[in-house]
Amino acid sequence: MGQYLAIGIATNFTASKREVEAVSIEKVIEKMTADIGFDTNLYELEETEYSWQWNLKSDKIQSEFVPFLEHFYRVMGKFVRLDDADEVIQKLKSEQSKSLQAFLKKGHFYNFQESYSNDSYDFFFEKEGSQMKNRVRITSGVISLAMTGKIMMEATGGFFEFFEAMIHQNFSEFDLSKNIRVYIAG
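Numbering-wise (UniProt numbering), the sequence shown opens with residue 1 and increments by one.
Next comes the structure, spelled out in structure tokens:
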């Protein structure tokens with residue numbers, strides 16, 4: 001056991017309805033777009049009783065995800081051992097799943113699994129007539145695409161953001177590359 005350096009893709013984002021109502025959904029989306037490169041064209045927005053949820057659009061999963069993953073594993077495989085990459089791709093192709101979470105419930109893979117990265121973002125908004133600020137916490141669900149090596153660190157110093165930017169640039173022909181996250185899993 002331990003913690004591993006991982007690269008994953010954000011499949012959903014969630015915010016508390018109560019926190020968002022103190023600001024506005026439009027302002028939250030604007031801030032997400034500016035600060036973390038959130039692309040509204042990739043997600044469907046759903047309002048539930050207690051939250052706002054953005055889920056990766058099923059048409060993006062069906063049209064772009066497998067070609068993106070094939071390219072990603074081809075490039076990544078030059079540097080990292082990816083034993084089950086071909087199996088993941090073949091099963092994704094054969095099942096034509098509309099939900100990556102549903103696909104993950106059917107099988108277990110080392111390099112393709114739901115990740116518990118505690119990936120969250122705190123956004124602060126001016127509160128009218130007050131020095132206090134409204135906070136909106138956005139959590140994200142991430143599917144790990146590759147993990148390797150044990151890692152321990154106290155701060156990243158911007159390195160993970162740099163890695164993400166390089167991945168976004170290298171895979172820019174895929175809209176889904178905007179969802180890539182580099183993080184420590186485990």
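Backbone N, C-alpha and C define an ideal beta-carbon position, used for all residues, glycine too.
Predicted, not measured: the structure shown is a model, and the values here were computed from it.
- The three-state reading of DSSP puts Arg18 in helix, counting H, G and I together.
- Per the coordinates, the alpha-carbon of Met152 lies some 7 Å from the alpha-carbon of Gln3.
- In terms of Cβ geometry, Glu46 and Asn55 form a close pair [threshold 8 Å].
- A direct Cα-to-Cα measurement between Pro67 and Gly149 gives close to 26 Å.
- Rounded to the nearest angstrom, the gap between the Cα atoms of Ile180 and Glu164 is 6 Å.
- When rounded, the separation of the alpha-carbon atoms in Gln113 and Lys127 is 40 Å.
- In the DSSP annotation of this structure, the continuous segment of the beta strand (DSSP E) that includes Asp122 starts and ends at Ser120 to Glu126.
- Here Leu82 carries a coil assignment [DSSP, helix/strand/coil].
- Secondary structure note for Met147: its beta strand (DSSP E) is the uninterrupted segment Lys133 to Lys150.
- Rounded to whole angstroms, the Cβ separation of Gly8 and Ser115 is 5 Å, and the two are in contact under 8 Å.
- The residue among Lys105, Ala146, Glu49 and Leu176 with its C-alpha nearest the C-alpha of Leu82 is Ala146.
- Within the model, the alpha-carbon separation for Glu70 versus Ala10 is close to 17 Å.
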